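One structure below.
In this note's numbering, the protein residues as written are -6 to 123.
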């Protein structure tokens, strides 16, 4: 709730996020439910993008796309995550059109502008892990 001046107050910044959802249907795939990310989850995702795949831009981009799909995809009934990060290699076999549709919707739902993830990958050196 805003303060007397109409500005956001401390509570609005610090209260736990209420998830936003995006439900849609893809022909030949079925119903899809995506959930938004919290600030902490979004930051962790962005850091993982910078750490993954070494210097190969294409590998890092593919990894980022699959990870965002994993982090946002939920079951239709309870909103529980459907996938785990260990499932990432399995998503390589997914239909490219379906993954593109899901990635685009997930990107928008999580507050990324078109090209943000690609730009992050292009403009940063990989962070050494270990």
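Where is the CB? At the ideal position from N, CA and C, for every residue including glycine. As the structure is a prediction and not an experimental result, all values here were calculated from the model.
According to DSSP, is residue i part of a helix, a strand, or is it coil?
| i | result |
| --- | --- |
| residue 33 | helix |
| residue 27 | strand |
| residue 15 | strand |
First and last residue of the alpha helix (DSSP H) that includes residue i?
| i | result |
| --- | --- |
| residue 51 | 50 to 65 |
| residue 86 | Taken as a continuous stretch (DSSP letters only), residue 86 belongs to no alpha helix (DSSP H), as it is neither H nor E. |
| residue 68 | Where residue 68 is concerned, there is no enclosing alpha helix (DSSP H), given that its DSSP letter is neither H nor E. |
Compare the Cα-Cα distances from residue i to each of the options and report the closest residue.
| i | options | result |
| --- | --- | --- |
| residue 39 | 27, 28, -2 and 53 | 53 |
| residue 116 | 48, 76, 105 and 56 | 48 |
| residue 68 | 11, 1 and 17 | 17 |
Cβ of residue i within 8 Å of any heavy atom in the ligand GTP?
| i | result |
| --- | --- |
| residue 95 | As far as ligands go, the structure on display features none, and thus does not contain the ligand GTP. |
Measure from the C-beta of residue i to each C-beta in chain C and report whether the shortest distance is under 9 Å.
| i | result |
| --- | --- |
| residue 97 | Chain labels in this structure do not include chain C; a single protein chain is all it has. |
Among residues of its own chain, excluding the 5 on either side of residue i, which ones have a beta-carbon nearer than 6 Å to its beta-carbon?
| i | result |
| --- | --- |
| residue 58 | 96 |
The segment 64 to 73 in contact with the segment 25 to 42 per 3-pair CB rule at 8 Å: Taking 8 Å as the limit for Cβ pairs, the verdict is that the segment 25 to 42 does touch the segment 64 to 73.
Segment contact, 8 Å Cβ cut-off, at least three pairs: the segment 100 to 108 with the segment 15 to 32: A contact between stretches requires three or more CB pairs, one per stretch, nearer than 8 Å, and the segment 100 to 108 meets this requirement with the segment 15 to 32.
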